[in-house]
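Below is one structure, written out as structure tokens; comments come after it.
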Amino acid sequence: MQSEIELHHPKNLAEALTLLSHYGPDGKLLAGGTNMVVELRDGHYNGKSLVDLSHLEELRGISKQDGYIVIGGGTTITELIDHPLIGAHAGVLKEAARLFANPLVRNRATVAGNLVDASPAADTAPPLLALNAEVQLMSQTATRWIKLEDFITGVRKTLLQPGELMVAIRWPVPSARSAGAYTKVGLRKADAISVLSAAVMVELDDAGVCQQTSIALGAVSPKPFRAHAAEALLKGKVLDSALIAEAARLAAESTRPIDDIRGTAAYRKRVVAVTVRRLLTKAVEVLK
Amino acid sequence: MKYQVKPLPQVDLPELRTVGKPLRKVDAMGKAVGDTVYAGDYSMPRMLYGKVFRSKQSSARITRLDVSKARALPGVACVITGLDVPNARLVSDMPGQTGQKQRAGSDVPVLASEQVRFYGEPIALVAAETLEIADKAVSLIEIDYEPLPGVYDPLEAMKPGAPVVTPPDNIVARWKIRKGNVESGFEQADLIVENTFRIPYQEHAYLEPEAGVAWIDERGAITIRVSTQVIEHFRTIARAVGVRQNKIHIQGTMVGGGFGGKEDITIEIYLALLAKHTARPVKMVYTREESFLAHAKRHPYVITHRTGVKKNGQITASKIEMISDSGAYPYLSPYVLLYTTVMAPGPYRINNVQVDAISVATNNPYTSAFRGFGGPQACFAYEQQMDDIARQLGLDPLEVRKVNYLRTGDCTATGQVIESAAWLEETATRAMAALGEQSPNYGSVKIGQGFASYFQSYGRITWMHDTSQAWVGLELDGTVTIRAGVPDLGAGQANSLCQIAAEVLGVPLERVTIYTTDSALTPLSGTSTATRQLYMSGNAALMAATAVRNVLLNRASKYFEEDIEALDIADGKAFIKNDPSQTLNLVDLAKMCASEGMHLSNLALFKAPFTDPINPETGQGQVWPDFTFGSFAVEVAVDTETGEVTILKAAACHDIGRAINRAAAEGQIIGGGMQGLGYGLMENLIVKEGVIKTPSLTEYLIPTSMDFPDIQAIILESGTGLGPFGAKGIGEPSLTPAAPAAASAIANALGVSISEIPITPEKVLAALERA
Amino acid sequence: MKPQMITLHINGRTHYVALNPNLTLLVALRDLGYTDVKSGCEKGDCGACAVFLNGVAVNSCLVLAAQADEGEILTAAGLGTSEHPHPLQTAFSDAGAIQCGYCTPGMIISAKALLDHKPHPTDAEIRDAISGNLCRCTGYAQIIQAVQSAAEKMDAGGEG
């Protein structure tokens, strides 16, 4: 059990940023706490200060602004499930939220917390990657938007700098001619860490030609990522089953999975191909 | 409907007023509103907090153990090592009950002082003013190890030259069965089928980690309030701690789940030592991770069946070899092995049987009791074998079984005659019928149905000479008090005694109060293990309540001037059967009896059948009082591209003899069934070099509410059991057939069987590649 | 470590407590005597420690007590007593939904959280709502029946 930690409860965002700036690398963020509190109990956290963000209303909320859906970093997973904008414009994210851990955890866990934690199996990452999401990082002195794809750099590694806080996530409102699909393969039907997860978005024109695709994969590489080679194959083409199968194969090829207690690398690679094929097929069917 | 369901044999069960009804259990509301004080919920003034320092090696010599820094930490009351308590050893036998000679060196040191044999083995105990200080003290204990060669595979451990876990060798126990002549049996066979099955660990994962509080009371007795299935461990604890048996007092609490995992001594021995050394109350509560490390697991087995069959499926010979991993210490491994051995051939009539079973020591986590006690492992193997025989003969799985199913009057492989109903076909056809028509395949998803039948004992091994006591008394306000040392694990162990007494004494259930689970204050009722409490203590309560009833009827017969046979007691009144308007209130009747000095209470002792041990060379003889029979059926959908298995439907049909509380019996059937399905499909305790790689409920997955559909519970009541009102036992049997039924359904879907559980998606894909 | 003074409103009673900032709400509640809140895993896997915090059902093991400062907390024992039980407590008792009972308080919190938003849930919605509450005894069927039966009773005008 950790013994020398100072816990701060800033009353607003400005106070939080001041504290973060003051503590620099020694300050860590506590949002929903669903990972952090366990780390504290196990004595794995060796920082000095914790800045509790769970009361900051400024970090919550879901809205539509300037062609984007914008969500506050402190938005909980449950709020994603319940919000009509998410249902209307981010079905993949809603589906991932529905399969995220369990209701008690979803009531606390936040989107920013899940992304900053940067687990290879982070459940919100594949759908947000597929939606071309960006994340807003704020410090006392600056604010920047960066692509989520760039934000997560490795196993539990991100571009978040000391003093910075992820205040918001946004993505362009998907075209009305687009559809998405999401799957999580776990060893249990609820409350399971992903063996693998995948989210796709497909946009077709009126002639059925693919304008854009995104294919995002989780738990099959050091970080959740986009299978760009597979996406490129589909652009500008009519998506028939042979093409989809080839894209799925390319997606599987782009993975770098490991053997762990939940599954072997070989299984993951194999099932990525199945999953991506099914998701693309499903998205195309929805659009037809 | 796949199979024809034939009508059941005529059964004439008397109409009962309370027994059989799905009444609210007496312990339910206290749990619902949070009034029940579990072991970890209790505190004492001036209480210390205890912690265990454990080995981080699977096999090593301890070259240095330095607890001086821990002892010097302010707030630490004591640190105990093995050197401080050299005589503290737990005998893994049940003293005075088995009459078996112990294997040399099989006792377990409470604290390892020279050598550690498994990862997590206790080495030192700490008691401190706060939990934080106790944790800190544990972190200050210094230890050096010299690694010793370890052995982690029972097959390797049997080879000459393998590292020996505890001298003289790694063979912990052996059992054999010799019946008829298997060689001539194989000669008569048209086909010989041979398969090897691998069955894994299972973690109990009860929701309540081990917990308790101990203190020394005003009479100098070490009192231990603890969550346990066995309060009779006070005797073993007394010996290990070095006090008289009447100076250890166990107050058992409501158990937050046991399933066999709280059958061996858990923390009560540490609490006793710490309370004795500090003369202060001490509390100890395991974390989930420590619970995983500290208690036994279900035994992994490798079982090979070689079966000779005629073309019609009739078995001519069954030769079975089984090896179990006992882990670093024997605990109950010899007994679990006996169960697996005797149940090995399944509920089938076979003239020529040979079973050779060995339990082997390794440096893996130790293994002991888990619901089913070796029966589920045996069942997985014999039922997969029956399915394979059917496949190879081109016969239906039920047809093959029907030719061989045991019937009343038949002998088991050890020569025990089945005296109760043996409703195997009856349960199999009903369980399958409950699934209904098989759903169609779609896309890459294949659907299959399958079932498994089983037999499983209830009651302890008959040469253990099991007894149970219960005390029943009528109070002067017409309420009933029961005293019985029954540990209640939530299965309704206490409630069933109440429902029996309510029936016999003609009072509503809510007028019965039971006091349980106190080694000093309630009559000893034996362990809540072996599916024995309803059978044993239920009979004791029935005897005691009947004795009180007879006193009442005698007095009422004088009052009514009628024969006893003409009278009955119900709804709080004695009355004349032919003229129910003539009544005598139970309160008045009780007062009459009391004022005349008649005994309104009774302490009864129920004895199971006592036998001699089986012949060690042939295994012949009686092993248990009786058996429960039943079947489990499953429909699965298997995604042949991802290997994912979804259970679509599940049904369990058991002859439980007689339901005492129908809702509780259904709860056992459904809950045990789900543990069995979890065992078959999901639960995966991964152990590498003796270290558990799935050390908490994050990694070791047990079924959630989303994983399986409702298991349909079909209760049959033959009324032929040895328990009260003809009841059999269902606690353990409920689990036994679930995993093999799921495996059968998967094999039926895929056309290829999988001989190793849990059947993970990867194993499904691997099997499809073999096909 | 400097203890921090916090205020917790638990089941209608107000407590002022000084505690270490790294203590979880679970530990704080149990130390204050609310032992109906059970500890099963201390990492959000089992749901035995579920309570309402400001109207939201949470695992109290995943919340630091200091994060709950000034919060309104409702535990299963705050819902009813054996004399005056909540309809869920009655239904759980009557449906055989309680075996060892260790998961029950947390299970009832999750069930209430569902019924607060969805008075007429489907079985599938009940399954989802309690999917973070492990039960090792019952196999869940009788729990689902109990929630349905409580929903009917509450709809019929019982206490909500």
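Order-wise, the sequence lines are chains A, B and C.
Quick note on numbering: the first sequence equals residues 250 to 537 in the numbering used here.
Quick note on numbering: the second sequence equals residues 1167 to 1937 in the numbering used here.
Quick note on numbering: the third sequence equals residues 118 to 277 in the numbering used here.
No residue lacks a Cβ here, since even glycine has one placed at the ideal position from N, Cα and C.
This structure is a prediction, so every number in the text was calculated from the model and none was measured.
In the three-state DSSP reduction, B/ASN1705 falls in the helix class (H, G or I).
With a threshold of 8 Å between beta carbons, A/TYR431 makes no contact with chain B. In this structure C/ALA228 is not in contact with C/THR255, their Cβ atoms being roughly 13 Å apart against a cut-off of 8 Å. Against chain A, a Cβ distance below 8 Å from C/GLU159 picks out VAL287 and ARG290.
Using a Cβ-Cβ cut-off of 8 Å, B/ASP1201 counts as an interface residue toward chain C, since at least one Cβ of chain C sits closer than that to its own. If you check each beta-carbon in the segment 342–362 of chain A against every beta-carbon of chain C, the ones closer than 9 Å belong to ARG347, ALA350, ASN351, PRO352, LEU353, VAL354, ARG355, ASN356, ARG357 and ALA358. Going by beta carbons, B/GLY1796 and B/ASP1821 fall inside the 8 Å limit. Residue ranges of uninterrupted alpha helix (DSSP H) with 4 or more members are absent from the segment 1170–1194 of chain B; none lies entirely inside it. One alpha carbon belongs to B/THR1693, the other to B/ALA1579, and they sit about 27 Å apart.
For the pair A/THR402 and A/VAL449, the Cα-to-Cα distance works out to about 21 Å.
Nearest to B/ILE1877 by alpha-carbon distance, out of B/ILE1852, B/THR1886 and B/ALA1908, is B/ALA1908.
One finds LEU179, VAL180, LEU181 and GLN184 in chain C with Cβ atoms closer than 8 Å to the Cβ of A/GLY282, taken in chain order.
The beta-bridge partner set that DSSP reports for B/PHE1219 consists of B/ALA1290.
Its chain contains ASN1517 and ASN1518 as the residues whose beta carbon lies nearer than 6 Å to that of B/GLY1346, once the 5 sequence neighbours on both sides are disregarded; these appear in chain order. At a cut-off of 8 Å between beta carbons, C/ALA228 makes no contact with chain A.
Counting only Cβ-Cβ distances below 7 Å, B/GLU1928 has contacts in chain A at GLY512, THR513 and TYR516, in chain order.
Looking at B/THR1362, B/LYS1428 and B/MET1324, the one whose alpha-carbon comes closest to that of B/HIS1370 is B/LYS1428. Around B/LYS1477, the same chain offers ASP1356 as residues with beta carbons nearer than 6 Å, after the five sequence neighbours per side are excluded.
Put simply, of B/ALA1527, B/GLU1549 and B/GLN1788 the residue whose alpha carbon is nearest the alpha carbon of B/LYS1325 is B/ALA1527. DSSP places B/ASN1518 in the coil class of the three-state scheme, outside both helix and strand. Between B/PRO1513 and B/ASP1491 the beta-carbon gap is near 26 Å, outside 8 Å, which marks them as no contact. Bounds of the beta strand (DSSP E) holding B/ALA1770 are 1767–1773. Annotation note: the segment 405–493 of chain A contains the following uninterrupted alpha helix (DSSP H) runs of length 4 or greater, listed N- to C-terminal: 477–483. Residues of the segment 1868–1902 of chain B with a C-beta less than 7 Å from any C-beta of chain C: ILE1868, THR1870, SER1871, MET1872, ASP1876 and ILE1877, listed in chain order. Between B/SER1862 and B/ARG1454, the CB-CB gap stays under 8 Å. In the three-state scheme derived from DSSP, where H, G and I count as helix and E and B as strand, A/LEU256 is classed as strand. Interface with chain A (8 Å Cβ-Cβ cutoff): B/LEU1931 is included. For the C-beta of A/ALA439, the chain C residues within less than 9 Å are, from N- to C-terminus, ARG244, ASP245, SER248 and GLY249. Under a criterion of Cβ atoms nearer than 9 Å, the residues of chain B adjacent to A/VAL434 are, in order, THR1808, GLU1810 and PRO1927. Chain-ordered, the chain A residues with CB closer than 8 Å to the CB of B/LYS1859 read ILE510. In chain order, GLN184 make up the part of chain C whose C-beta sits under 7 Å from the C-beta of A/SER303. For the pair B/ILE1920 and B/ALA1911, the CB atoms are not nearer than the 8 Å cut-off. Residues of chain A whose Cβ lies closer than 9 Å to the Cβ of C/THR239 do not exist, since the nearest Cβ in that chain is about 15 Å away.
Leaving aside the five residues that flank C/ALA268 on each side, the residues in its chain whose CB is nearer than 7 Å to its CB run, in chain order, LEU232, PRO236, HIS237 and PRO238.
With fewer than 16 other beta carbons inside 10 angstroms of its own, C/MET122 counts as exposed. With fewer than 16 other beta carbons inside 10 angstroms of its own, B/ASP1201 counts as exposed.
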